[in-house]
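Enquirer: 31 is the number of the first residue of the sequence shown in my numbering; add one for each residue after it. From the three backbone atoms N, C-alpha and C, an ideal C-beta is built for every residue, glycine too.
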Amino acid sequence: MRNQFTKKVIHEAECVIPHTRGTLPINTTASNDNLVYSPRAGSPMRIASPNGNGKQSPSPKISNMHLHVESDIDSVISSNQADNTLSSEYSTGEFDSTKLIHKWTHTLSILCCVASPSRKLLFCGTQDGKILIYDLLTYSLKKEILSCGQHQSASLLTIALSKDENHLFVAGSDSLVKVYDLSNDEFHCTHIIYTLVDIGDIFSIAWCDELSTLFIGAQNASISWCKLSLTSNSHPHTKSSSNSNIERLPHFRYDKFFDSKGPGGSQNTLQTKHELYRRSSKNETSPRPIKLTEVRNEDTIRFAHNGYVYCMEITKASIGDFTERKVLISCGGDGVINIWALESESLTKLTSLQNDESISSMTIHQSLLYVGMGNGNVNVWDLTTLQLIRSFQFGELLPGKNNIRDQSFHEVLSLQISGDSLFKACSNAGLIKITMKSNNVVAQDSVLMSVKEEDGIINTIKTFKIDGRSYLLSGGNKSLCFWDITVERDLSKDEDSLIDDVSDKFSNNKLLSSLKKYISYKTISKKPELYLEDSRHCAQFLSKLLLDLGAYQAKLLPVENANPIVFAVFRKNDNSSTEKKRLLWYAHYDVVDATDHEVNDWETEPFIMTARDGNLYARGVSDNKGPTLASIYAVAELYHMQELSCDVVFIVEGEEECGSIGFQQVINEHKSLIGDIDWIMLSNSYWLDDNTPCLNYGLRGVINASVVIRSDKPDRHSGVDGGVSREPVMDLMHVLGQLMDPATNRIQLANFYDDILPMTKEESKLYENLQTYIDTDICTLMKKWREPSLTIHKIQVSGPNNNTVIPQSVEATISIRIVPNQDLATIKTKLIEKLTETFNQLRSENHLSVNIFHEAEPWLGDNKNKVYSMLYEKVKTHWNQEPLFIREGGSIPSVRFLEKCFDAPAAQVPCGQSSDNAHLNDEKLRIINLYKLRSILTDTFKELGN
31 MRNQFTKKVI HEAECVIPHT RGTLPINTTA SNDNLVYSPR AGSPMRIASP NGNGKQSPSP
91 KISNMHLHVE SDIDSVISSN QADNTLSSEY STGEFDSTKL IHKWTHTLSI LCCVASPSRK
151 LLFCGTQDGK ILIYDLLTYS LKKEILSCGQ HQSASLLTIA LSKDENHLFV AGSDSLVKVY
211 DLSNDEFHCT HIIYTLVDIG DIFSIAWCDE LSTLFIGAQN ASISWCKLSL TSNSHPHTKS
271 SSNSNIERLP HFRYDKFFDS KGPGGSQNTL QTKHELYRRS SKNETSPRPI KLTEVRNEDT
331 IRFAHNGYVY CMEITKASIG DFTERKVLIS CGGDGVINIW ALESESLTKL TSLQNDESIS
391 SMTIHQSLLY VGMGNGNVNV WDLTTLQLIR SFQFGELLPG KNNIRDQSFH EVLSLQISGD
451 SLFKACSNAG LIKITMKSNN VVAQDSVLMS VKEEDGIINT IKTFKIDGRS YLLSGGNKSL
511 CFWDITVERD LSKDEDSLID DVSDKFSNNK LLSSLKKYIS YKTISKKPEL YLEDSRHCAQ
571 FLSKLLLDLG AYQAKLLPVE NANPIVFAVF RKNDNSSTEK KRLLWYAHYD VVDATDHEVN
631 DWETEPFIMT ARDGNLYARG VSDNKGPTLA SIYAVAELYH MQELSCDVVF IVEGEEECGS
691 IGFQQVINEH KSLIGDIDWI MLSNSYWLDD NTPCLNYGLR GVINASVVIR SDKPDRHSGV
751 DGGVSREPVM DLMHVLGQLM DPATNRIQLA NFYDDILPMT KEESKLYENL QTYIDTDICT
811 LMKKWREPSL TIHKIQVSGP NNNTVIPQSV EATISIRIVP NQDLATIKTK LIEKLTETFN
871 QLRSENHLSV NIFHEAEPWL GDNKNKVYSM LYEKVKTHWN QEPLFIREGG SIPSVRFLEK
931 CFDAPAAQVP CGQSSDNAHL NDEKLRIINL YKLRSILTDT FKELGN
């Protein structure tokens, strides 16, 4: 029965000319030593004292603004006002969804804030030592708490909540940490934590619920910690309030210098007031006892930084080569990020990361760490690979100064991430919202919103969610603002969990659930400046999924200026045999673009997986995310059932669609980690039609080159200078014309066809068998699959591109498809020699340059070996028909490289149909094809190692 053949599209990577893809600020390595750096910048001053005049220099104007925000706080702000100028008032514009809901005022500055979503409460620390509690249901001030344990006002600089939102921690300029019980409406103080050493202001605190430990970052560069019992009545290191230990608090202690009496026992006015203050505090009684907790000397790291410890946060992450664990991340005025392992009784430094400026704020989003710098810039670090992956630059370039920017934006006092937007509070520019999906190199050109307070200062911001909506608090000079920052299109998304709650983690329903999440990441490798974070989050998601499904090891391998490679290993179940077979599965998680104008040509949202008529529609569902998860779930299920017959190594790269940037170098560097490989498998191809399963055993190679001819003369007018000298375009036409014989269409490189393999009887039978299924001439298939070709893809000229100009330069992009047994290096050399020789014969005064910017070796598999024989039988069993052995005219750079690198044969089992539309609109994958591939691989991996 002859099937209607669907015209096949070659679904291969688009090679990217290096200069068209922006270089990213990615470092390939990061120190794992316990480094100590000298400060690169002075520790910036945080806030003026309560008695200061609070005056600041005028806020700079921010250019390229998309909107400003209007200050009518009682109205819902419309989204149809747009303005490109900066205003000191609040407004909103059509390019942004941020809405100001409410604004509260206070006599002095708001220095820190935190939200309790479950209680619908906001907690703020003020410059005069008060805790303000606002009710989000009534927008009223619910309670105002004077700081316990003292009579003098001390600025509250940092605030935190326990995970259950039952306890509030505040600290500030009095060197004390106070703990408040929020379980009832009294909000009473339960603990005061102090040290016997003068630590100065406390800038940062972090509470670890699992260890019941509070970490304290201070002005004297120390990090201290103490265990607290928030539920029991006693603790080994806690003492109840008494006259004896009240004097241990910093503001009660006797100081030999300041408290010593003068001649004859005289005291000045301040000493007298302090003595009265000390005595009255001793005699005070509290309706509820306050526990005093002293930080032990051994629970302090004296010089955790070489500067103020401005910010700390606890997270769970896989740091570099270390396994996933709870870590404390601290940042300071020395510009160093320190990462500490949380032990039961101590802190152990894992690694340090150096920045060029002091760090005044930080936030963590999934596996990415964002740090706000003293010069207004924001650096982004990947905690998994310990790479600096992005730096948001602010400020205009100074005239006559190379790469030096005006730093009038000043330090980033607070930093938060929500969706694709970054919010930062600056000491001189207010609240700024930046899109992380922008082509602009300078971050200020990506500003969506800028809000200035009365004096330009916003000290603190905090994002949180209530009932699925996203909100932001911004506290500044004498005010607190409450913003709705929800992006309506993201309301249905859940970033932190998989889509469905499926009880069987290895079921096909769970496979679809994971695939839906996997698809949602916009891993467009061609546009790293827009989708770098998506790719990093996707790689981290895949790594965690592999571990959750039983992988012995999973980690990200950093690639210089590119997305990381996901590496994972499943070990065979039967360890009784001394001979272990090991299979490498190759795949990629990056996709081609489906944004901007491409979206309009789709019937569904490209990055939201849609099921319809037995198919799954989404970008990357067929190329290559669907087949990748099918292979992972096949291996995971076998491992869970104790039936995995061989070790399986997964190598999933993030740059395949851009020519596998950095792939070969990283694989060579990690050969010992990957180990000896017996077989290589992949599923990155398609059937010949929509009905007949196939096995792919061959690919052509490719050499991509740009040929440029340039004149020393500028662009000229043909009416003035035509015929005077040789023209670059004419030279190029002649040079390219000599590459191919016009009569025979054969490529004119010396001995080019000598190494092409002759057709064997077995191969001839395979082609004859294809005629039963397809409606295409066999000679045409042979030209596509097993014969080389030359293509001129495009020609570009300099100048205004009109009909009267002689261009100064012309560039052609060409490719040569080569076939198995042809030597790529030899053909590259012959191509350059041919172009150079032909050009030299012209005796032209112009200049020729040839750039080979991409290459891939051809691949020919052994379709009679063990893997192909087994795959043939499994495909035949599950599809109830014999598969076709096919080849393709496209190229996958990594296949032949992996074969040569590990001296192992490769085999490819296609998953999708020819109508899958990979790289095109409405990319799809038939659900039954996905399930069948999983079943085929399950049976194969079950037997392959036996």
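1. Taking K463 as part of the beta strand (DSSP E), name the residues at either end of that continuous run.
2. Considering only the alpha carbon of each residue, which of V925, I222 and T156 lies closest to E174?
3. For G337 and L152, what's the separation of their Cα atoms in angstroms?
4. Measuring CB to CB, does I862 end up less than 8 Å from V840?
5. DSSP three-state label for Y551, please.
6. Measuring CB to CB, does Y727 end up less than 8 Å from G891?
7. Taking C-alpha atoms, which residue in R917, L226, D620 and A251 lies nearest to Y551?
8. If we ignore side chains and look at the alpha-carbon of each, how far apart do I710 and L928 end up?
9. Starting from Y561, follow the alpha helix (DSSP H) in both directions and report where the run begins and ends.
10. Using CA coordinates, which residue listed in E518, T516 and T490 is at the minimum distance from S509?
11. Could you spell out the range, first to last residue, of the alpha helix (DSSP H) harbouring W670?
12. Do N1031 and I958 have their C-beta atoms within less than 8 Å of each other?
13. Let me check one thing: in DSSP terms, what residues is W134 bridge-paired to?
14. On the three-state DSSP scale, how would you describe D892?
15. Could you check where the beta strand (DSSP E) with G365 kicks off and where it finishes?
16. How is N94 classed by DSSP in three states: helix, strand or coil?
17. Comparing C-alpha positions only, which one of G350, L380 and C341 sits nearest to G362?
18. Which one of L955, C256, G767 and E563 has the shortest CA to CA distance from G644?
19. Under the three-state reduction of DSSP, which class applies to K172: helix, strand or coil?
20. Hey, L244 and F199 are a contact pair by Cβ (cut 8 Å); roughly how many whole angstroms apart?
21. Report the CB separation of I882 from K858 in whole angstroms; it is logged as a contact under 8 Å.
22. Keeping to the same chain, check which residues put their C-beta closer than 7 Å to that of D969; ignore five residues upstream and five downstream.
23. Between the alpha carbons of T790 and L796, how many angstroms are there, rounded?
24. Compute the Euclidean distance between the alpha carbons of S148 and S183, then round it to the nearest angstrom.
25. Where H670 and G460 are concerned, what is the direct C-alpha to C-alpha distance, given to the nearest angstrom?
26. Are the beta-carbon atoms of I235 and A201 separated by less than 8 Å?
27. Which one of N893, T323 and L674 has the shortest CA to CA distance from V599?
28. Taking the straight line between their C-alpha atoms, what separation do you get for T353 and A347?
29. If you count every other CB in all the chains shown that lies within 10 Å of the CB of Y210, and 16 or more means buried, which is it?
30. Would you check if the segment 647 to 659 and the segment 940 to 952 touch, i.e. whether three or more CB-CB distances between them fall below 8 Å?
31. Applying the criterion that 16 or more other CB atoms from any shown protein chain within 10 Å of the CB defines a buried residue, is S748 buried or exposed?
32. Let me check understanding here. Comparing Cα to Cα, which of T168, D952, S573 and N405 lies closest to N630?
33. Just to confirm, is the Cβ distance from S421 to G731 under 8 Å?
34. Let me know the secondary structure DSSP gives N603 once reduced to three states.
35. Is the beta carbon of G988 less than 8 Å from the beta carbon of V442?
36. Using 10 angstroms around the beta-carbon of V765, count the other beta-carbons present and answer buried if the total reaches 16, otherwise exposed.
Expert: So, from the data block:
1. Annotation for K463: the continuous beta strand (DSSP E) segment containing it runs G460 to T465.
2. In terms of CA proximity to E174, T156 leads the group V925, I222 and T156.
3. Going from the Cα of G337 to the Cα of L152 covers about 31 Å.
4. In this structure, V840 does not lie closer than 8 Å to I862 by Cβ.
5. In this structure, DSSP gives Y551 a state outside helix and strand, which the three-state scheme calls coil.
6. For Y727 and G891, yes; Cβs fall inside 8 Å.
7. Comparing Cα positions, the closest option is D620.
8. Taking the straight line from one Cα to the other gives about 8 Å.
9. The continuous alpha helix (DSSP H) containing Y561 extends over residues P558 to D578.
10. Checking every option, the nearest Cα to that of S509 belongs to T490.
11. It is worth fixing the name first, because residue 670 is His in this sequence and not Trp. H670 -> alpha helix (DSSP H) spans G656 to H670.
12. It is not possible to answer for residue 1031, since the shown part of the chain is limited to 31 through 976.
13. According to DSSP, which records beta bridges pairwise, W134 is partnered with L510.
14. Reduced to three states, the DSSP call for D892 is coil.
15. Counting along the chain, G365 falls outside any beta strand (DSSP E), and DSSP gives it neither H nor E.
16. Because N94 sits at a pLDDT of 32, beneath the cut-off of 50, its placement in the model cannot be relied upon, and the following sentence gives the value as read from the coordinates. If DSSP states are grouped into helix, strand and coil, N94 belongs with coil.
17. Closest by alpha carbon: C341.
18. When each option's Cα is compared against that of G644, the closest is L955.
19. Strand.
20. Contact between L244 and F199 holds: CB atoms are separated by about 7 Å, below the 8 Å threshold.
21. That pair is a contact at about 6 Å.
22. So the list reads K904, once near-sequence residues are dropped.
23. Between the C-alpha atoms of T790 and L796 there is a straight-line separation of about 10 Å.
24. One alpha carbon belongs to S148, the other to S183, and they sit about 30 Å apart.
25. Between the C-alpha atoms of H670 and G460 there is a straight-line separation of about 54 Å.
26. A contact, by the Cβ cut-off of 8 Å.
27. Ranked by how close their Cα comes to the Cα of V599, the residues N893, T323 and L674 have L674 in first place.
28. Cα to Cα, the separation comes out at about 8 Å.
29. When all chains shown are included, Y210 counts as buried.
30. Segments in contact, yes.
31. Counting of Cβ neighbours within 10 angstroms places S748 among the exposed residues, the total staying below 16.
32. Closest option to N630, judged by alpha-carbon separation, among T168, D952, S573 and N405: D952.
33. No, these two residues do not count as a Cβ contact at 8 Å.
34. In this structure, N603 counts as coil in the three-state DSSP scheme.
35. Residue 988 falls outside the range modelled here, since the chain spans only 31 to 976, and no answer is possible.
36. Residue environment analysis places V765 among the buried positions, since at least 16 neighbouring C-beta atoms fall within 10 angstroms of its C-beta.
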